[in-house]
Amino acid sequence: MTALPKKKHTRARRGNKRSHKGKSAINGFFCPECSEPRLPHTVCKNCGEYNGRNYHTKSDKPVEEETAQS
Ligand SMILES: [Zn+2]
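Per the working numbering, the very first residue in the sequence shown carries number 1; after that it's consecutive.
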């Protein structure tokens, strides 16, 4: 037999237990290309920019320079 609780815990006790379970804000920053929030050391999900390169179009140059040349 496993251990079983002898009595039901009150709503207050349940609430006190869950008071430490709150969500906290994600530690990230905003993309320099599109200013969308993104996680550090990851490719931007919105525009695909990372470290001056666009990994959606797989080009070596940033998006702004490409549009200026064409
Ligand atoms: Zn972006």
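Glycine included, C-beta positions come from ideal geometry on N, C-alpha and C.
- By the 16-neighbour rule on beta-carbons within 10 angstroms, Asn51 is exposed.
- Look at Arg53: its beta carbon is at least 8 angstroms from all of the heavy atoms in ligand 1.
- DSSP places Asn16 in the uninterrupted alpha helix (DSSP H) bounded by Arg11 to Arg18.
- CA-CA distance, Cys34 to Thr57, rounds to 15 angstroms.
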